[in-house]
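**Q**
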Amino acid sequence: MAVGLGTTSAAVRIEGLWKRFGEQVAVAGVDLEIPAGRFVGLVGPNGAGKTTTLSMVTGLLRPDAGRVEIAGHDVWADPAAAKAVIGVLPEGLRLFERLSGRELLAYTGRLRGLPGPEVDQRATQLLDVLDLAGAQHKLVVDYSTGMRKKIGLAAALLHNPEVLFLDEPFEGVDPVSAQTIRRVLERYTASGATVVFSSHVMELVESLCSWVAVLAGGRIRAHGPVAEVRGEAPSLQDAFLELVGARGLSEGQTLDWLGGAR
Amino acid sequence: MSAAPSVPSAGPLSLAPVFARLKLTLLRNGLRQSSKRKAVYIVSLVLVALFGALQLLGLCALRGTAHAAAFTVPLAVLLALGWAVAPLFHPGGDETLNPARLAMLPLRPAPLAVALLISSLIGMGPAFTVLILLGSVIATAYGAGAAAVAVLAVPLALLVCVALARAVATANIRLLSSRKGRDLALLSGVVIGVGLQVVNFAVQKLSQSGLAKLEPVADVARWIPPGSALDAVRAAGDGEYGLASAEIALTAGVLAALLFWWQRTLTKVMVSPDSSTLAAAEPTRDRERPSGTGLSRLLPAGRVGTAAERSLRYARRDPKTRMSWGSALAIGAVVPLFNVLQGGHSLYFAFVAAAMVTGQMFNQLGQDGSAFWMVLQTIGSRREALAELRGRALALTLVTGPYLTLAVALLGLLTGAWGEFAEVLGLMLALLGGLLGTGAVASVLLPYSVPQDHAFKNVAPSQTGIAWLGLLWALAGAAVCAPLIGLTVWLHLAGASSLSWILLPLGPAYGALAARIGLHAAAHRMVPRLPEILAAASKA
Numbered sequence: 001m002a003v004g005l006g007t008t009s010a011a012v013r014i015e016g017l018w019k020r021f022g023e024q025v026a027v028a029g030v031d032l033e034i035p036a037g038r039f040v041g042l043v044g045p046n047g048a049g050k051t052t053t054l055s056m057v058t059g060l061l062r063p064d065a066g067r068v069e070i071a072g073h074d075v076w077a078d079p080a081a082a083k084a085v086i087g088v089l090p091e092g093l094r095l096f097e098r099l100s101g102r103e104l105l106a107y108t109g110r111l112r113g114l115p116g117p118e119v120d121q122r123a124t125q126l127l128d129v130l131d132l133a134g135a136q137h138k139l140v141v142d143y144s145t146g147m148r149k150k151i152g153l154a155a156a157l158l159h160n161p162e163v164l165f166l167d168e169p170f171e172g173v174d175p176v177s178a179q180t181i182r183r184v185l186e187r188y189t190a191s192g193a194t195v196v197f198s199s200h201v202m203e204l205v206e207s208l209c210s211w212v213a214v215l216a217g218g219r220i221r222a223h224g225p226v227a228e229v230r231g232e233a234p235s236l237q238d239a240f241l242e243l244v245g246a247r248g249l250s251e252g253q254t255l256d257w258l259g260g261a262r
Numbered sequence: 001m002s003a004a005p006s007v008p009s010a011g012p013l014s015l016a017p018v019f020a021r022l023k024l025t026l027l028r029n030g031l032r033q034s035s036k037r038k039a040v041y042i043v044s045l046v047l048v049a050l051f052g053a054l055q056l057l058g059l060c061a062l063r064g065t066a067h068a069a070a071f072t073v074p075l076a077v078l079l080a081l082g083w084a085v086a087p088l089f090h091p092g093g094d095e096t097l098n099p100a101r102l103a104m105l106p107l108r109p110a111p112l113a114v115a116l117l118i119s120s121l122i123g124m125g126p127a128f129t130v131l132i133l134l135g136s137v138i139a140t141a142y143g144a145g146a147a148a149v150a151v152l153a154v155p156l157a158l159l160v161c162v163a164l165a166r167a168v169a170t171a172n173i174r175l176l177s178s179r180k181g182r183d184l185a186l187l188s189g190v191v192i193g194v195g196l197q198v199v200n201f202a203v204q205k206l207s208q209s210g211l212a213k214l215e216p217v218a219d220v221a222r223w224i225p226p227g228s229a230l231d232a233v234r235a236a237g238d239g240e241y242g243l244a245s246a247e248i249a250l251t252a253g254v255l256a257a258l259l260f261w262w263q264r265t266l267t268k269v270m271v272s273p274d275s276s277t278l279a280a281a282e283p284t285r286d287r288e289r290p291s292g293t294g295l296s297r298l299l300p301a302g303r304v305g306t307a308a309e310r311s312l313r314y315a316r317r318d319p320k321t322r323m324s325w326g327s328a329l330a331i332g333a334v335v336p337l338f339n340v341l342q343g344g345h346s347l348y349f350a351f352v353a354a355a356m357v358t359g360q361m362f363n364q365l366g367q368d369g370s371a372f373w374m375v376l377q378t379i380g381s382r383r384e385a386l387a388e389l390r391g392r393a394l395a396l397t398l399v400t401g402p403y404l405t406l407a408v409a410l411l412g413l414l415t416g417a418w419g420e421f422a423e424v425l426g427l428m429l430a431l432l433g434g435l436l437g438t439g440a441v442a443s444v445l446l447p448y449s450v451p452q453d454h455a456f457k458n459v460a461p462s463q464t465g466i467a468w469l470g471l472l473w474a475l476a477g478a479a480v481c482a483p484l485i486g487l488t489v490w491l492h493l494a495g496a497s498s499l500s501w502i503l504l505p506l507g508p509a510y511g512a513l514a515a516r517i518g519l520h521a522a523a524h525r526m527v528p529r530l531p532e533i534l535a536a537a538s539k540a
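Chains as they are written, first to last, in UniProt numbering: chain B, 1 to 262; chain D, 1 to 540.
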């Protein structure tokens, strides 16, 4: 399944991707080849263009320029084929929240054209594995952040996609839910599928991913296997801070009262 | 809640300016966000000032009429009632109202309550209330004694109103900040609409029979603060000083009780779980049921049925959709019915119902909001787009078809104009089809976001123009049916009215064809426009 069409082993190929919002350039020419069968982290500070890039890659936002190919299908020229092989969990976009968790899965699966009984069976298993069985008849609008991410993940996995895109899947999620999500994703990549997720938590990316791309100011600053991107730096966090050119807190006159005599 | 020893204990007098400044800063920053908001604020300020001034003048004009107090006393009670329910309609509106934001600060509840009370006297609402109260005492105060009582009564009545609003809001903060509370607030539009009708009706009755009619109401209202404060002004003028002081004391007592209750709930709310925690802890009603409910078994399998089922579920569960469905169905039924009750004899008024309910078709995709991405992700070809639009049109037809047929039949029953039945029903079903078709095209070409958190806003601020264009499209839907309308007119003019039954089979067939063409055209345009539709739908 990991092998896409053609001879390529890239799951996702991005060429010259640009997006402007008025004066502001959100994504300034991203070129990236993401290898298949890997757990891939897209990291960058807030406002680096992660969400914009992922939206354009998954067909949710039209790019100003550039090409995106997923498993050999051009996302913008042949959307039907591309959408069939990807699963998406966007950040900040709503779900159909007045459906219950189970209804949401039934709805999504049927929209994907899966046969009804198959959808129901897969939904039951996903709800079980993701610890949502107890809340399956609750409306999604009443779900907590962790539950929301989990039901979104279930909806994204339902049609067994080749490539899964997750925008900040661990943001605001409790450790227990995070562990559940992690287990499911690890099992999924073990089968040869590709997971691309964005995050700004370096420890998480370092422990989870085998391949990373660092995005800052709308451009790719570095990419490759984690060890390669980390280089000589003691941790990915340090390498990242150096790459994006972050400055430490300057020592000296400021905040000298903090921790002083009370 | 005890203050740390190193923190100077803040009295109400040092706290009040802080909260007053906080409120002004929040207001200023809110206005600074956009010039549109500033314009809306200034316009409403002018309107409230004008309306308040008119009320003041009107009340002053009551001076000298015999039963002025019979009007002002119930008015004050009505005002207080308005204050009590206002926060329910505007949850989370006033940030300083939310005690959760203050829970971390070392403040004692009693000074906090007083400071909050004083800061909540700032705003348009209190200013408007002062105008009405001033008018009321001007209309009813005769003599120096009454004037002296009035000086006490106006601030007391105002404080009762404001304290009531704050106490009710704090006591219901759990409801207000929960999803159910927000859903409830969305229904406020209906409540206010009905309320205006009632007030209108009451004013008409009053202008017919005079203020004396209100005396029995005033007899009760004078024992309900702040009505009692205003009756004290009248009583003092009539020389009933004992009654006046009792009424003032009653108002002051109620104010004290309200403050005490408010302060108690404030303390309690600050240390109890918020609504999201409670919602998460709420046991799920485990209604185990197969995903194929009775409804879905009737719908066709595949995408059409799936989309239709979701639309029908949303009509029931989504407060915004439910409200627009509810008001469309209600107005569509009420207008023709009123026409009949007023002696109308034509079935053609049923077209109001058709126009109202088919309006639902005109922003199908924008209604989804940013959740539209889930639909977008599953549409790759025209076939899927067509199935999606068909499903939504089917859901609409399932409700409107029987509803319109019933409406025409009911009108026929009431007016006895059965001669028109066949042509009206035929034309109406043709119109339904035409509007479904043009509605689908408008949904694809002119989508706009529907703000979810506001009862009265049905269009995102930047998209009003698009919404108006969408409405114009409805005219195109009527124009589509022009040939059939022409045929009807010709049949009547040519004296062949007996042949008008032909419209009953012709109308639905024509409508089905118009809907089909519209849906296909919309589906064709929908696929390349998907990201743009998502962007337009995610504006709010």
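All residues carry an ideal CB built from backbone N, CA and C; glycine is no exception.
Relative to the alpha-carbon of L45/D, which residue among P126/D, L499/D and T72/D has its alpha-carbon at the smallest distance?
**A** Of P126/D, L499/D and T72/D, the residue nearest in Cα terms is P126/D.
**Q** Report the CB separation of L266/D from A113/D in whole angstroms; it is logged as a contact under 8 Å.
**A** That belief holds up - the Cβ atoms of L266/D and A113/D are roughly 6 Å apart, short of 8 Å.
**Q** Any chance you could list the beta strand (DSSP E) runs of at least 3 consecutive residues sitting entirely within the region 189–223 of chain B, in chain order?
**A** Segments of the beta strand (DSSP E) lying fully in the region 189–223 of chain B: 194–199 and 211–216.
**Q** Any idea which residues DSSP pairs I118/D with across the strands?
**A** According to DSSP, I118/D bridges with nothing at all.
**Q** Can at least three beta-carbon pairs, one atom from the region 370–390 of chain D and one from the region 108–120 of chain B, be found at a separation below 8 Å?
**A** Flag = yes, the region 370–390 of chain D and the region 108–120 of chain B touch.
**Q** When you compare the CB of S462/D with every CB in chain B, is at least one pair closer than 8 Å?
**A** No - not a single Cβ of chain B is within 8 Å of the one on S462/D.
**Q** Taking the straight line between their C-alpha atoms, what separation do you get for A10/B and F165/B?
**A** Between A10/B and F165/B, the C-alpha separation is close to 15 Å.
**Q** Taking three-plus beta-carbon pairs below 8 Å as touching, is the region 68–82 of chain B in contact with the region 123–142 of chain B?
**A** Too few Cβ pairs lie closer than 8 Å, so no.
**Q** Just checking: is the beta-carbon of S291/D within a distance shorter than 8 Å of some beta-carbon in chain B?
**A** Model confidence at S291/D stands at a pLDDT of 46, short of 50, so the residue's coordinates are unreliable and nothing is read from them.
**Q** State yes or no: is the C-beta of V226/B within less than 8 Å of the C-beta of V212/B?
**A** Contact flag set, yes.
**Q** Looking at chain B, which residues of the region 522–534 of chain D have a Cβ within less than 8 Å of any of its Cβ atoms?
**A** Here the close residues are V527, L530, P531, E532 and L534.
**Q** Can you check whether the CB of A150/D is closer than 8 Å to the CB of V137/D?
**A** Contact flag set, yes.
**Q** Does the count of Cβ pairs from the region 322–331 of chain D and the region 495–507 of chain D closer than 8 Å reach three?
**A** Segments in contact, no.
**Q** Please work out which residues of its chain come closer than 8 Å, Cβ to Cβ, to D286/D, disregarding the five sequence neighbours upstream and downstream, and give them in chain order.
**A** Interpretation of D286/D is limited by its pLDDT of 48, a score under 50 that renders its predicted location unreliable; the figure taken from the coordinates is listed afterwards. No residues qualify anywhere along the chain.
**Q** Does any C-beta atom of chain D lie closer than 8 Å to the C-beta of L111/B?
**A** Yes, because at least one Cβ of chain D sits closer than 8 Å to the Cβ of L111/B.
**Q** So, using beta-carbon positions, are L414/D and V357/D closer together than 8 Å?
**A** No, the Cβ-Cβ distance between L414/D and V357/D is not below 8 Å.
**Q** Counting only beta-carbon atoms, is S324/D nearer than 8 Å to chain B?
**A** So no, S324/D is outside the interface.
**Q** So with CB distances below 9 Å, who are the chain D contacts of T52/B?
**A** In chain order: nothing, as chain D lies at least about 12 Å away.
**Q** In three-state DSSP terms, what is G145/D?
**A** The answer is helix: DSSP assigns G145/D an H, G or I state.
**Q** Between which two residues does the beta strand (DSSP E) containing V32/B stretch?
**A** Before going further, note that residue 32/B is Leu rather than Val in the sequence given. Looking at the DSSP string, the run of the beta strand (DSSP E) that includes L32/B is Q24 to P35.
**Q** Could you tell me the distance, in whole angstroms, from the CA atom of F197/B to the CA atom of G41/B?
**A** C-alpha separation (whole angstroms): 5 Å.
**Q** Could you tell me whether the Cβ atoms of L116/D and R166/D are closer together than 8 Å?
**A** In this structure, R166/D lies closer than 8 Å to L116/D by Cβ.
**Q** Please check if any C-beta of chain D sits within less than 8 Å of the C-beta of L61/B.
**A** With 8 Å as the cut-off, L61/B counts as an interface residue toward chain D.
**Q** Closest to L159/D by CA distance: which of A235/D, L425/D, M428/D and A256/D is it?
**A** Comparing Cα positions, the closest option is A256/D.
**Q** At the 8 Å Cβ level, is T194/B part of the contact set with chain D, yes or no?
**A** Judged by the 8 Å Cβ criterion, T194/B is not in contact with chain D.
**Q** Determine, using beta carbons only, whether P87/D and V162/D come nearer to each other than 8 Å.
**A** Cβ atoms of P87/D and V162/D: not closer than 8 Å.
**Q** Using the beta-carbon of each residue, which ones in chain D are nearer than 7 Å to R94/B?
**A** Correct list: G369, S370 and A371.
**Q** What distance in whole Å lies between the Cβ atoms of T140/D and A69/D, which are believed to be in contact at a cut-off of 8 Å?
**A** So it is a contact: roughly 5 Å between Cβ atoms.
**Q** Quick one: which unbroken alpha helix (DSSP H) runs of 4-plus residues sit fully inside the region 91–123 of chain B? Chain order, please.
**A** Runs of the alpha helix (DSSP H) inside the region 91–123 of chain B: 101–111.
**Q** Output the boundary residues of the alpha helix (DSSP H) element that contains L389/D.
**A** Segment R382 to T415, the alpha helix (DSSP H) holding L389/D.
**Q** Are any of the Cβ atoms in chain D nearer than 8 Å to that of P90/B?
**A** Yes - at least one Cβ of chain D is within 8 Å of the one on P90/B.
**Q** Spell out whether any CB of chain B is found under 8 Å from the CB atom of S136/D.
**A** No, no contact with chain B.
**Q** Can you list, in chain order, the residues of the region 300–332 of chain D whose Cβ is nearer than 9 Å to any Cβ on chain B?
**A** Residues A301, G302, R303, G305, T306, A307, E309, R310, R313, Y314, R316, R317, D318, P319 and T321.
**Q** May I have the straight-line CA-CA distance separating L131/D from A153/D, to the nearest angstrom?
**A** If you take the alpha carbons of L131/D and A153/D, they lie about 13 Å apart.
**Q** By how many angstroms is the C-alpha of L164/D removed from the C-alpha of residue 547/D?
**A** In the structure as shown, chain D starts at 1 and stops at 540, and residue 547/D therefore has no counterpart that could be examined.
**Q** Does any residue of chain B bring its CB to less than 8 Å from the CB of A536/D?
**A** Chain B, which has no Cβ nearer than 8 Å to the Cβ of A536/D, makes this no.
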